[in-house]
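**Q** Here the protein sequences line up with chains A and B, keeping their order.
According to my numbering, the first sequence holds residues 19 to 162 in order.
According to my numbering, the second sequence holds residues 19 to 162 in order.
Here a beta-carbon is modelled for each residue, glycine too, at the ideal position from N, C-alpha and C.
There are 2 protein chains.
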Amino acid sequence: MKISTKGRYALRLMLDLAINNTGEYIPIKRIAERQEISEKYLEQIITQISRAGFVRSVRGSQGGYQLASPPEEYTVGMIVRLLEGELSPVVLTDEPGNYEQADRSVTADVWQEIKDAIDDVVDNITLAELVRRYHEKGNCEYYI
Amino acid sequence: MKISTKGRYALRLMLDLAINNTGEYIPIKRIAERQEISEKYLEQIITQISRAGFVRSVRGSQGGYQLASPPEEYTVGMIVRLLEGELSPVVLTDEPGNYEQADRSVTADVWQEIKDAIDDVVDNITLAELVRRYHEKGNCEYYI
DNA sequence: ATAATTCATATAGAATTAATATGAAATAAA
DNA sequence: TTTATTTCATATTAATTCTATATGAATTAT
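#1: Would you identify the three-state DSSP class for A/Gly82, choosing helix, strand or coil?
#2: What does the Cβ neighbour count give for B/Lys58, buried or exposed, with the cut at 16 atoms within 10 Å?
#3: Check the Cβ-Cβ distances between A/Ile64 and every residue of chain B, and say whether any is below 9 Å.
#4: So, B/Leu100 versus B/Ala36, is the Cβ gap smaller than 9 Å?
#5: What are the start and end residues of the beta strand (DSSP E) that includes B/Ser75?
#6: Name, please, each residue of chain B whose Cβ falls closer than 9 Å to the Cβ of A/Ala50.
#7: If you count every other CB in all the chains shown that lies within 10 Å of the CB of B/Glu90, and 16 or more means buried, which is it?
#8: State the DSSP-derived secondary structure class of B/Thr40, mapped to helix, strand or coil.
#9: What's the call for B/Gln130, buried or exposed, on a 16-neighbour Cβ count within 10 Å?
#10: DSSP three-state label for A/Asp34, please.
#11: Taking Cβ-Cβ distances shorter than 8 Å, what residues in chain B pair up with A/Glu102?
#12: Rank B/Ile162, B/Gly156, B/Val76, B/Asp134 by C-alpha distance to the C-alpha of B/Leu145 and give the top, closest one.
#13: Could you confirm whether any beta carbon from chain B is found closer than 9 Å to the beta carbon of A/Tyr152?
#14: Determine contact between the stretch 133 to 152 of chain A and the stretch 63 to 83 of chain B, defined as no fewer than three beta-carbon pairs at a distance below 8 Å.
#15: Going by CA-CA distance only, name the one from A/Arg30, A/Asp138, A/Ile44 that's closest to A/Ile55.
#16: Would a check of beta-carbon distances place B/Lys167 closer than 9 Å to chain A?
Listed below in structure tokens is the structure:
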């Protein structure tokens, strides 16, 4: 029952970009240094993020990444789901809309309740909120 | 981000015992048949459950298992955690009590919020509640 | 040209998952 | 007392997933 490093690193990566959202392009190398995460691993991760259109990229010298939209536009859920898939404790083949509650098993309902609770958390925290909390703490430069 | 089959089967197993909580001892073979789960795999699982004292067992012919306490006494959380460990999306080394919120990273706080939301769900559903829901649905004999 | 950087894909070791297998110990019933 | 049934204990294994590392092509500013 764990979110893998990909999902967690993705959030730290996006938060790093949000905190340093100055309009400049930030190379992945810089983020890897700050976050102490393998550069090549981060490259894989941001590739997925980039393909989803969450960031803009510029190749070559002086290139890098920046957020495609303002931090208010990104929820934790959007980012983590991109790397992890649905944040469901089980594979729920029955989509909530397709079946009545009564047609599903009681254990399936439990997993659905857990999923809903998780979604409620991650869909209501934006990068902007995390940036705000980060500055509020103000205890350590890149302790994300 | 999944609960493994052990945790899920454990819940179905305990729910099966709760539904059939007549005072008789139920062999694991019976449960395996009803739930269509490998008998040997279920044995491994109930061994852990038994060691935790959640069930009483009797060996030999006519033996089997039964709940050690009434279904009201078991929450989904107790059962699933037994097999899965903490239902936390990451390993949270900092126990909530040991550190001030401000001393932890903003991402750690997110994972903590997710954990709290999950705990809130699983700690407030008992086996008795699931038995009630099961009878309420009443659509299929062992569709757990 | 050169250095820096994204982009694309392949490879690999470690860990975890999900079982299956083997057999000993205990108990009721024949 | 034998037999069938059942829990209890532990070992093994195949498949999958995780967590990277590696190689190198394409692009761009200097």
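**A** Well, looking at it:
#1: strand
#2: exposed
#3: no
#4: Going by C-beta atoms, B/Leu100 is not nearer than 9 Å to B/Ala36.
#5: 73 to 76
#6: None at all; the shortest Cβ gap to chain B is about 16 Å.
#7: Burial state of B/Glu90 is exposed, judged by a 10 Å Cβ sphere holding fewer than 16 other Cβ atoms.
#8: coil
#9: buried
#10: A/Asp34: helix per DSSP, three-state reduction.
#11: Met19
#12: B/Ile162
#13: yes
#14: Of all C-beta pairs linking the stretch 133 to 152 of chain A to the stretch 63 to 83 of chain B, fewer than three are shorter than 8 Å, placing the two stretches out of contact.
#15: A/Arg30
#16: Residue 167 of chain B is absent from the model: chain B starts at 19 and stops at 162.
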